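First residue of the sequence shown: 0, per numbering that gives the first Met the number 0; consecutive thereafter.
Every residue, glycine too, gets a C-beta built ideally from N, C-alpha and C.
What you are looking at is a predicted structure, and each value in this text was computed from that prediction instead of being measured.
One structure below.
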Amino acid sequence: MSSLEAPTFPLAPNSVIGILGGGQLAMMLSIAATELGFLTAFIDPDPHAPAQKVSNHIESAFANPETLLLLAQAAQVITLEFENVPDQVLEQLEHSVLVYPAKEIFKISRNRVLEKKALVVAGLQVAPYWAILGGPQLEGALVGVGGKGILKTAELGYDGKGQKRVSSEAELRAAWLELGEVPCVLEGIVPFVRELSVQVARNPQGEIAVSGVYHNTHVAGILRRSVFGDHLEDGTRENAQNMARTLAEKWNVVGLLTLELFELADGTLLVNEIAPRVHNSGHLTQNGGNISQFEAQIRAVTGLPLRDFAPGLPCMMVNVLGWEEGCEPDWSAILRIPGTHLHLYGKKNRAGRKLGHVNIVASSRGSGSSGAGLSVREQISEMLERGAMVERLLFGQVAL
Ligand code: AMP
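In structure tokens, the structure reads:
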């Protein structure tokens, strides 16, 4: 990248943003980029990649030097929708075009061992952990993390895949064999009271903006629901936002970073993992007022001014997951609920697959005949009720 001539920021309208990956995140990034007057093109081997509806598709493997060159020549900046991109892909691109975030950030976020070390060096706290790079390191690992743990592959795990809970030496050895004897990290079980996430965007000029803090609920390792405005104490919110700012500054991030956090009963925040990109938990920013996480990432990588992107109103998101044959949700019933916004990605249905999401935004006005304004607390409880209706329509029940 050092051999590149620095472009003038902000990039001019009609500049081209290249994206690696063509899933729903790339689709929504492209929509935000288009609205800001940019053009987009993306590489993805999937002929049905969702982003092709709104962006120019270069259908190719990622590690294809010819198509990478094509994208590098067409684009003024490249950004990514996922982190599992081989190093040589980013290296090739960085020779001829700006890539944001830089490959060092992807190296960290792709590998749980490097990630935890880098987080601790930056002064943040993580769960107790033990790196297992080979069989001999299984010795003493379980005791080292408190007698019970979760064994996770160091690389390529997502949505709870590539991980096993263990509570004895025998289970730990069996789990390591089952995961293919690859490098892993054993984490102690964290007795969290809530799972939270927070985001930060930083542009090449060094301007920083943070998101609100979202409260996330998972079912079977998959995000079910994210809520913004869920009675979060001021101290916890500020703490989370400061952690995000610290990482963006210390790691010189250009682009957007998401931090997944565990909140302990005493308010301590541990970082579970980071993603150098927009994130499922940030989808609620699309409809709550203010700029969305997608716009924040695009503004960051094109050098446009940034501003904090906490939604203006309480809002929440419920994921739409693939349904069993004959059980398609009643979309009209969902859309009839006040405050709902349906986002579908156009992907083929497969049970459990992320196919879309529903955002639900609190009403800012009184709903009674008096027209009196609702307090924030009332807005939130009304929104949660509507969210529960959406969840029942999608899943038949509400996850606790
Ligand atoms: P991950 O893929 O690391 O984000 O893990 C998926 C989910 O598993 C998290 O969102 C948590 O609900 C749970 N989990 C992961 N690591 C731990 C841990 N160390 N202690 C307790 N729960 C965890």
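7 Å CB neighbourhood of residue i in its chain, flanking five on each side removed
i, result
"Ile104", "Trp250, Val252 and Pro275"
"Ser59", "Ile42, Pro44 and Thr66"
"Val84", "Leu19, Phe61 and Phe105"
"Arg352", "Leu320, Gly321 and Lys346"
"Val189", "Ala126, Phe261 and Leu269"
"Gly156", "Gln162"
"Gly311", "Gly287, Gly288 and Asn289"
"Trp330", "Leu341"
Which residues DSSP lists as bridging residue i, in chain order
i, result
"Arg201", "Ile207 and Gly254"
"Arg224", "Thr216 and Val317"
"Glu194", "Asn215 and Phe261"
"Ile57", "Ile42"
"Leu150", "Lys163 and Leu185"
"Thr78", "Ile18"
DSSP-derived helix/strand/coil call for residue i
i, result
"Leu137", "helix"
"Leu231", "coil"
"Leu68", "helix"
"Lys160", "coil"
"Val15", "strand"
"Gly143", "helix"
"Thr267", "coil"
"Val357", "strand"
"Thr7", "coil"
"Glu272", "strand"
"Gly367", "For Gly367, the predicted structure reports a pLDDT of 48, less than 50, and the residue's modelled location is therefore unreliable. The matter cannot be settled from this model."
"Ser380", "helix"
"Ala169", "helix"
"Gly386", "helix"
"Phe394", "helix"
"Asn238", "helix"
"Leu399", "coil"
"Val84", "coil"
"Ala247", "helix"
"Ser29", "helix"
Residue i CB to nearest heavy atom of ligand 1 below 8 Å
i, result
"Ala424", "No information on residue 424 is available, as it lies outside the stretch 0 to 399 that the chain covers here."
"Glu194", "yes"
"Gly148", "yes"
"Ile297", "no"
"Gly187", "yes"
"Gln162", "yes"
"Phe191", "yes"
"Asn215", "yes"
"Asn318", "no"
"Asn238", "no"
"Phe261", "yes"
"Glu272", "yes"
"Gly266", "no"
"Ala174", "no"
"Ala101", "no"
"Gly408", "Given that the chain is displayed from residue 0 to residue 399, the structure contains no residue 408 and the question cannot be resolved."
"Lys115", "no"
"Gly220", "yes"
"Lys151", "yes"
"Ala130", "no"
"Ala126", "yes"
Chain C within 9 Å of residue i, Cβ atoms only
i, result
"Gln23", "Looking for chain C here will not work: only one protein chain is present."
Spatial neighbours of residue i in its chain, beta-carbon cut-off 8 Å, leaving aside the 5 residues before and after
i, result
"Val389", "Val317, Ile333, Ile336, Thr339, Val357 and Ile359"
"Glu194", "His214, Asn215, Thr216, His217, Glu259, Leu260, Phe261, Glu262 and Asn271"
"Ser368", "Low local confidence applies: a pLDDT of 46 at Ser368 is under 50, so the model's placement there is unreliable, with the coordinate-based value given in what follows. Closer than 8 Å at Cβ, skipping near neighbours: no residue."
"Gly266", "Glu232, Gly234, Thr235 and Asn238"
"Arg244", "Val199, Ile207 and Val209"
"Arg349", "Gly321"
6 Å CB neighbourhood of residue i in its chain, flanking five on each side removed
i, result
"Val218", "Ala398"
"Ser29", "Thr39, Ala50, Val53 and Ser54"
"Leu97", "Val76"
"Lys163", "Leu150 and Ala174"
"Gly355", "Val319, His342, Leu343 and Tyr344"
"Leu3", "none"
"Pro12", "Gly36"
"Arg224", "Thr216 and Val317"
"Gln124", "Leu269"
Pick out the complete alpha helix (DSSP H) segments inside the stretch 275–348, 4 residues or longer, and give them in chain order. 292–301 and 330–335
Taking the runs of the beta strand (DSSP E) that are 3 residues or longer, which of them lie wholly in the stretch 87–137? 128–131
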